[in-house]
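Quick note on our numbering: the sequence shown kicks off at 1227 and runs consecutively.
C-beta atoms are modelled at their ideal positions from N, C-alpha and C, and glycine is treated no differently.
Since we're looking at a predicted model, the values are computed, not measured.
Down below is the structure, laid out as structure tokens.
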Amino acid sequence: MTDLSRRDFLKLARAGFLWISSGLALGGLFRFLDYEPNPAPKTEFDLGPTGQFPLGSHTVLFDPPAILFHTKSGFSALSLTCTHLGCTLEQTADGFTCPCHASHFDADGNVTHGPASQSLRKLQVQITAENHVIVYLD
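Below, the structure is given as structure tokens:
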């Protein structure tokens, strides 16, 4: 066995320290680059069988915040998210009201009192082959 001088020991220790710290830095870099942000929000909602929504019904949904109408012409839906700043609307006798900034919308989703300036969004509704109601957020 050869004698290891102090100088050789310090060189080996320095080289080992540099290799270990480089490996840790690369590991941290790979973890950073492999980061997955929060998953995209859900855009498709299965509300169940069409039989749950009788003809002429107006059903307020909580997830997604919307109202589902079942009329003779079929199903339609309006978003209950205020077009001003995104608050969830509350249903009133004459339509919908924003609890945050007092915007008013009629039963068809048209603005009757600001500060909101755009009507409520109409949501896409589809009936599946199994007669389930699907609502899509755009």
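Looking only at A1328, E1316 and L1294, the smallest Cα-Cα distance to H1310 is reached by A1328. Annotation: G1300 is outside any alpha helix (DSSP H); the continuous beta strand (DSSP E) that includes it extends over G1300 to S1305. Between the C-alpha atoms of S1231 and G1242 there is a straight-line separation of about 16 Å. By the neighbour-count definition (other C-beta atoms within 10 Å, threshold 16), P1280 is an exposed residue.
Sequence-distant partners of L1346 (beyond 5 residues in either direction) whose C-beta falls short of 7 Å from its own C-beta, in its chain, are L1304, S1305, T1309, F1331 and G1335.
Setting aside the 5 residues that flank it on each side, P1341 is surrounded in the same chain by H1310, H1327 and S1329, each with a C-beta closer than 7 Å to its C-beta; the list follows chain order. If you look at L1315, you'll find it isn't in any beta strand (DSSP E); DSSP assigns it neither H nor E.
Burial is judged here by how many other beta carbons sit within 10 angstroms of a residue's own beta carbon; F1301 has at least 16 and is buried.
Annotated three-state conformation of F1243 is helix, per DSSP.
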